[in-house]
Amino acid sequence: MLTLPEVEALARSAHAGQTDKAGRPYAEHLRAVAQGVRDRGGDADQIAAAWLHDAVEDDALSEAWLAAADLSDRTKAVVSAVTKRTGETPQAYAARILATPGALLVKEADLAHNADPARLAALDQPTRIRLTEKYARMRALLGLTDQPS
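Pasting the structure below:
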């Protein structure tokens with residue numbers, strides 16, 4: 447099995463050169479989500495999934511890579527669950543997350559970092575408003591009614 451430092455290095459390499467909507471290195475988001483999972487009491491499988499949570503969705507790694515990777519079945523299931531599919535409704539996406547043990551915690555940490563006011567402040571107002579509403583809708587679909595932390 448890949449160790450957490452190996453998963454981190456792999457995720458950083460897979461996303462090398464990518465930036466977020468504010469132009470920051472994408473690895474900063476991955477690190478923040480992994481730390482958010484740790485802070486919420488997540489286990490090693492969930493922390494590994496946090497590092498890889500956008501890898502397939504962003505085409506940084508393929509689904510075939512994930513299927514063959516030396517990761518636990520649980521980590522693979524969580525990564526798969528939090529990977530949005532083209533044309534998928536938010537309701538179907540949320541249902542898959544809720545049905546996959548361990549995935550909700552990873553998505554909660556992802557949404558919390560995405561909705562961080564300091565991160566959103568770097569965006570133009572229309573984008574900031576659109577994303578704030580999008581993240582609030584997803585939190586509601588997932589039953590995360592408290593404020594992101």
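FYI, in the numbering used here the residues of the sequence shown are 447 to 595.
Ideal placement from N, C-alpha and C gives every residue a C-beta, glycine not left out.
Fair warning: this is a prediction, and the values are worked out from it, not measured in the lab.
Asked, Found
"Looking only at its chain, what residues have a beta carbon closer than 6 Å to the beta carbon of A568, apart from the 5 residues adjacent to it on each side?", "A468"
"Please classify P563: does DSSP put it in a helix, a strand, or coil?", "helix"
"Where does the unbroken alpha helix (DSSP H) through D485 begin, and where does it stop?", "Y472 to D485"
"Is it a yes or a no for the segment 526–536 touching the segment 452–462, going by three-plus beta-carbon pairs under 8 Å?", "no"
"Pop quiz: N560 and Y539 are said to be a contact at Cβ under 8 Å. What is the actual Cβ separation, rounded to whole angstroms?", "About 14 Å separates the two Cβ atoms, so there is no contact after all."
"Just verifying my parser: in three-state terms, what is the DSSP assignment at T465?", "strand"
"Can the beta-carbon of E554 be found less than 7 Å from the beta-carbon of L590?", "yes"
"Q537 to H499, Cα distance in whole Å?", "19 Å"
"In terms of alpha-carbon separation, which member of L448, R470 and P451 lies closest to L566?", "R470"
"Please state the DSSP three-state secondary structure of A568.", "coil"
"For A513, count neighbouring C-beta atoms within 10 Å of its own C-beta (all shown protein chains included) and say buried if the count is 16 or more, exposed if not.", "exposed"
"Please report the distance separating the alpha-carbon of D485 from that of E579.", "25 Å"
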